[in-house]
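To start, the structure under review is shown below, and the notes come after it.
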Amino acid sequence: MSIEDPTSFDPLERERWVRGTINDLNLRGILDRMDRNQKGELIIVDYKSGKAPMAKYKEPRFFALKLYAMLIKDELGEMPAELKLIYLKNSTIHTLKISEEDLIDVKNEILEIWENIKKAYKDDEFPATKNNLCDWCYYKPICPVFNDDAPSTEELRSINETIYDLKEEVEALDMFKDDNDIPKESPIGSKDRNKIQNKIKKIDPKKNCVIGFGITEKTIAKLRSADGLVVGSAICKEITRSLNNRQNPVTNVSKVVAKLRNKIS
Ligand code: SF4
């Protein structure tokens with residue numbers, strides 16, 4: 001293999017379950033590989049499908065492996081000597097020697113994170129932080145970073161419960177091949193499938209909407225999560241303004257479109 005010489009190490013274990021408890025925190029994970037090097041030392045190895053960061057940024061990526069090392073030491077009573085991250089995309093290996101002190105640090109760090117999680121849970125406070133993965137995030141349509149009037153957790157819970165109940169009604173209606181067979185005196189006897197589905201569409205916060213007309217520079221930022229926007233007002237206004245000022249409307253409209261696009265990106 002071009003990444004590492006398979007004869008240079010002895011893979012002790014692959015996909016080993018590791019678990020442990022610190023105070024009231026349960027940790028568990030699957031360690032990709034554990035080797036013994038030629039000196040007989042334990043090496044914790046993890047594969048990454050992505051690209052390696054620059055060497056100067058490598059350290060934070062070892063966080064999970066330090067936790068694995070801590071759990072392995074607790075379980076086997078043997079201190080691992082080194083951590084190894086193998087990045088498959090650009091065939092790069094990053095290594096880090098570790099000491100008992102590193103394990104104490106990582107233990108304190110995970111306990112601090114755990115305390116913060118418990119506090120956030122108690123206060124129901126989970127601030128969203130914009131990051132590179134937002135465009136792939138399932139919650140983007142209801143995330144407060146991208147929506148000025150995103151519903152609160154409580155509102156979302158109630159919305160989800162209502163949607164669940166409505167979907168149950170649709171399922172119950174679908175059990176009848178012919179709507180005429182639905183007993184009129186039953187709880188779904190007077191229900192209309194289309195009306196229920198429209199209701200679901202209307203209240204589902206994950207459902208994006210297509211909005212037309214009345215969209216201006218002032219209002220467009222609020223519509224970031226729409227599937228499509230018809231920006232009539234802003235463009236019409238710009239054409240009228242350009243013609244009145246004897247300017248080229250095409251150039252000016254292009255500028256307006258660029259500006260509007262910026263506001264929703
Ligand atoms: S869209 Fe919101 S919730 Fe999703 S990753 Fe970005 S900030 Fe976090």
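141 is the number that our numbering gives to position 141 of the sequence shown; each next residue is one higher, with no gaps.
All C-beta atoms in this analysis are idealised placements derived from N, C-alpha and C, irrespective of residue type, glycine included.
Computed from a predicted model, the values in this text were never measured in an experiment.
Just checking residue i against the ligand SF4 - is the residue's beta carbon closer than 7 Å to any of the ligand's heavy atoms?
i, result
"residue 129", "yes"
"residue 145", "yes"
"residue 133", "yes"
"residue 68", "no"
"residue 51", "no"
"residue 137", "yes"
"residue 119", "no"
"residue 140", "yes"
Which same chain residues, not among the five before or five after residue i, have their C-beta less than 6 Å away from its C-beta?
i, result
"residue 20", "27, 71 and 74"
"residue 156", "none"
"residue 97", "82"
"residue 143", "128"
What are the boundary residues of the beta strand (DSSP E) that includes residue i?
i, result
"residue 43", "42-48"
"residue 17", "10-22"
"residue 88", "First-last for residue 88: undefined, no H or E at that position."
For residue i, collect the residues of the same chain with a Cβ closer than 7 Å to its Cβ; drop the 5 residues on either side in sequence, then sort them by chain order.
i, result
"residue 120", "126"
"residue 246", "none"
"residue 225", "Unreliable positioning characterises residue 225 in this predicted model, as indicated by a pLDDT of 49, which lies under 50. The coordinate reading is nonetheless provided below. Same-chain partners within the cutoff: 140, 141, 146, 147 and 208."
"residue 5", "none"
"residue 203", "159, 162 and 163"
"residue 58", "94"
"residue 283", "Residue 283 falls outside the range modelled here, since the chain spans only 1 to 265, and no answer is possible."
"residue 80", "42, 43, 44, 69, 72, 73 and 98"
"residue 242", "248, 249 and 252"
"residue 130", "145"
Got a sec, what are the start and stop residues for the alpha helix (DSSP H) residue i sits in?
i, result
"residue 71", "63-76"
"residue 32", "That residue, residue 32, is in no alpha helix (DSSP H); its beta strand (DSSP E) goes 25-36."
"residue 195", "193-203"
"residue 114", "100-123"
"residue 164", "153-174"
Looking only at its own chain, which residues have a Cβ that is under 8 Å from the Cβ of residue i, when we skip the five neighbours before and after it?
i, result
"residue 184", "190"
"residue 95", "82, 83, 84 and 85"
"residue 67", "27, 29, 106 and 110"
"residue 167", "200"
Determine, using beta carbons only, whether residue i comes closer than 8 Å to chain D.
i, result
"residue 166", "You won't find chain D in this structure, because it holds only one protein chain."
* Asked: Are the segment 161-174 and the segment 183-192 in contact at 8 Å, needing three or more beta carbon pairs?
  -> The segment 183-192 and the segment 161-174 touch, with three or more beta-carbon pairs separated by less than 8 Å.
* Are there three or more Cβ pairs, one per stretch, closer than 8 Å when the segment 3-23 is compared with the segment 53-63? -> In short, these stretches do not touch, since the Cβ pair count stays below three.
* **Inter-stretch contact at 8 Å, needing at least 3 Cβ pairs: the segment 81-92 / the segment 40-55** => Segments in contact, yes.
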